[in-house]
Amino acid sequence: MRGVDRILSGHPWIYRTDLIDDGGAEPGAIVRLVDRRKRFFGQALYSSRSQIALRLLTREAREFDRNYLAERIHAAASYRDVIAKGAGACRLVASEGDLLPSLIVDRYGDCLTVQTLSQGMDRLKPDIVEILKEQFTPRSIIERNDAAVRALEGLSEQTGVLFGEDVSEIVVEENGLKFCYDLRGGQKTGGFLDQRENRAAARDYARGRMLDCFTYSGAFAVTLAGRCESVLGIDSSADAMAMAQRNQELNNLTNIEWREANCFDFLKAADQRGERFDTIVLDPPAFARQKSNLESALRGYKELNLRALKMLNPGGHLITFSCSFHVSEANLLEAVASAALDAHRTVVVVERRTQSRDHPILLTVPETHYLKCLILRVL
Ligand code: SAH
Numbered sequence: 011m012r013g014v015d016r017i018l019s020g021h022p023w024i025y026r027t028d029l030i031d032d033g034g035a036e037p038g039a040i041v042r043l044v045d046r047r048k049r050f051f052g053q054a055l056y057s058s059r060s061q062i063a064l065r066l067l068t069r070e071a072r073e074f075d076r077n078y079l080a081e082r083i084h085a086a087a088s089y090r091d092v093i094a095k096g097a098g099a100c101r102l103v104a105s106e107g108d109l110l111p112s113l114i115v116d117r118y119g120d121c122l123t124v125q126t127l128s129q130g131m132d133r134l135k136p137d138i139v140e141i142l143k144e145q146f147t148p149r150s151i152i153e154r155n156d157a158a159v160r161a162l163e164g165l166s167e168q169t170g171v172l173f174g175e176d177v178s179e180i181v182v183e184e185n186g187l188k189f190c191y192d193l194r195g196g197q198k199t200g201g202f203l204d205q206r207e208n209r210a211a212a213r214d215y216a217r218g219r220m221l222d223c224f225t226y227s228g229a230f231a232v233t234l235a236g237r238c239e240s241v242l243g244i245d246s247s248a249d250a251m252a253m254a255q256r257n258q259e260l261n262n263l264t265n266i267e268w269r270e271a272n273c274f275d276f277l278k279a280a281d282q283r284g285e286r287f288d289t290i291v292l293d294p295p296a297f298a299r300q301k302s303n304l305e306s307a308l309r310g311y312k313e314l315n316l317r318a319l320k321m322l323n324p325g326g327h328l329i330t331f332s333c334s335f336h337v338s339e340a341n342l343l344e345a346v347a348s349a350a351l352d353a354h355r356t357v358v359v360v361e362r363r364t365q366s367r368d369h370p371i372l373l374t375v376p377e378t379h380y381l382k383c384l385i386l387r388v389l
């Protein structure tokens with residue numbers, strides 16, 4: 011009954027331990043969900059390997075066929091016309107958030123990237139490609155199934171061209187600036203689309219000397235540079251720094267400097283040197299990939315935020331993030347409050363934000379709310 015209760019509570023996953031009988035389902039099959047008394051509860055994607063044995067597709071009895079799939083993709087994309095209007099790049103289909111569990115489709119200009127992250131979605135890949143061609147007439151569809159989670163499904167990591175041109179680099183606009191994305195080799199599917207709205211929001215506060223830690227291809231640095239005297243962008247990846255340089259050039263900006271370094275080391279040394287900034291962005295990778303890492307993750311967030319708060323001039327802003335689902339907003343607020351006390355700074359919470367709206371948060375699915383953003387002002 012636990013599996014059914016979960017579905018009734020609005021969560022789309024059933025764990026293997028709650029499965030009574032798989033009915034001989036093939037890996038990745040679309041199956042009918044029934045309880046012990048054979049009452050129908052919906053249709054789901056079955057995985058023979060993952061702890062998440064079933065991912066709910068629909069509570070309806072209507073067959074989940076190609077037309078149904080096409081309708082869901084169309085609905086997801088149509089909503090982007092409302093909430094991501096004019097964005098050069100955005101997430102068209104965001105997995106559970108668009109009722110298409112484990113399917114991710116991102117649009118970069120006239121190119122699409124696709125991730126099918128479960129056995130079931132992977133089996134639907136040929137249909138998905140055809141539907142994307144019909145609905146969007148893209149120049150190219152690139153597979154970015156080089157995601158580690160595929161291993162949990164017994165699926166191999168693979169990338170390649172599913173349709174059209176072998177596009178690697180593409181330049182598109184975001185928040186009125188140009189950005190290049192490496193669709194074949196960049197992190198995630200090319201970029202961190204979930205930060206688009208936060209970059210626009212952060213720009214309102216940008217001024218003076220800015221520091222962008224974990225800058226990747228320089229998206230925050232480039233977006234905010236027009237409002238700042240000087241910007242320093244830091245990342246440990248040499249490839250990222252090369253892309254950041256390219257993004258700076260694409261926008262004819264001359265006030266940004268890039269440095270390949272470990273941000274923890276840099277922040278410690280800069281703090282000890284007594285450096286000062288007016289705007290600091292901290293956008294680290296997920297520190298708590300598992301719940302068991304929560305405590306050490308919070309120590310990491312505290313350390314970063316402590317250094318940053320110490321280095322901010324009065325009136326300066328810290329834009330700080332956690333993209334770990336296991337770190338709640340309350341956890342992050344607590345870590346930052348503790349950092350502020352240690353740094354002897356009085357801090358105003360100016361904005362509390364989350365991921366861009368093209369990465370929808372489902373009310374009854376906490377896992378879909380992963381990104382936390384605090385915009386803070388130091389008095
Ligand atoms: N702010 C970026 C996204 C950052 S993703 C954007 O808006 O697009 C996190 C980045 O942190 C990655 O580019 C990764 O290379 C970098 N990174 C991870 N650990 C790091 C460390 N210890 N020091 C510096 N950079 C690190």
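For the sequence shown, counting from 1, position 377 maps to 387 in the numbering used here; every step adds exactly one. Just so it is clear, CB atoms sit at the ideal spot from N, CA and C, and this is done for glycine as well.
- Under the 10 Å beta carbon count, residue 81 is surrounded by fewer than 16 other beta carbons and is classified as exposed.
- Residue pairing of residue 220 in beta bridges, as defined by DSSP: 241, 289.
- Closer than 8 Å to some heavy atom of the ligand SAH: that does not describe the Cβ of residue 166.
- An exposed status is given to residue 354, since fewer than 16 other beta-carbon atoms sit within 10 Å of its beta-carbon.
- Taking each of 369, 298, 35 in turn and checking the Cα distance to residue 208, the smallest one comes out for 369.
- Residue pairing by DSSP puts residue 99 in a beta bridge opposite 118.
- CA-to-CA, the gap between residue 211 and residue 73 works out to about 43 Å.
- Within the chosen limit of 8 Å, the ligand SAH reaches the beta carbon of residue 209 through at least one heavy atom.
- Residue pairing by DSSP places residue 174 opposite 150 in a beta bridge.
- Residue range 50 to 56 is occupied by the beta strand (DSSP E) that includes residue 55.
- Per DSSP, reduced to three states, the secondary structure at residue 233 is helical.
- CA-to-CA, the gap between residue 264 and residue 232 works out to about 10 Å.
- Residue 24 is bridged by DSSP to 64.
- Each residue's CA atom was taken as its position, placing residue 383 and residue 174 some 37 Å apart.
- Counting C-beta pairs closer than 8 Å gives fewer than three between the segment 319 to 339 and the segment 250 to 258, which falls short of the contact rule.
- Here residue 282 carries a helix assignment [DSSP, helix/strand/coil].
- Contact check for residue 118 against residue 98 passes: the beta carbons are separated by less than 9 Å.
- For the pair residue 274 and residue 163, the Cα-to-Cα distance works out to about 34 Å.
- The C-beta distance from residue 47 to residue 28 rounds to 16 Å, too long to fall under 8 Å, and the pair is not in contact.
- Taking non-hydrogen atoms of the ligand SAH into account, the C-beta of residue 230 is found less than 8 Å away from one of them.
- Rounded to the nearest whole angstrom, the CA to CA distance from residue 356 to residue 388 is 6 Å.
- In this structure, the beta-carbon distance from residue 128 to residue 38 falls below 9 Å.
- Here residue 248 really is in contact with residue 270; their C-beta atoms are around 6 Å apart, less than 8 Å.
- Nearest Cα to residue 61 within the set 67, 160, 136: 160.
- Annotation: the segment 290 to 337 contains the following complete segments of the alpha helix (DSSP H) (minimum length 4 residues), in chain order: 304 to 321.
- Here the distance from the Cβ of residue 225 to the nearest heavy atom of the ligand SAH is below 8 Å.
- Under the three-pair Cβ rule at 8 Å, the segment 212 to 225 counts as touching the segment 279 to 294.
- In its chain, beyond the 5 residues on either side, 311, 342, 382 have a beta carbon closer than 7 Å to the beta carbon of residue 332.
- Here residue 32 is near residue 41, since their CB atoms are less than 9 Å apart.
- Taking the Cα positions, residue 110 is about 10 Å away from residue 126.
- Straight-line measurement puts the Cα of residue 186 at about 29 Å from the Cα of residue 372.
- With respect to the 9 Å criterion, residue 83 and residue 172 are not classified as neighbours on the basis of their beta carbons.
- Three or more pairs of CB atoms, one per stretch, sit closer than 8 Å, so the segment 176 to 183 contacts the segment 139 to 154.
- The nearest non-hydrogen atom of the ligand SAH is 8 Å or more from the C-beta of residue 329.
- Residue 204 and residue 36 have their alpha carbons spaced roughly 34 Å apart.
- Bounds of the beta strand (DSSP E) holding residue 184 are 179 to 184.
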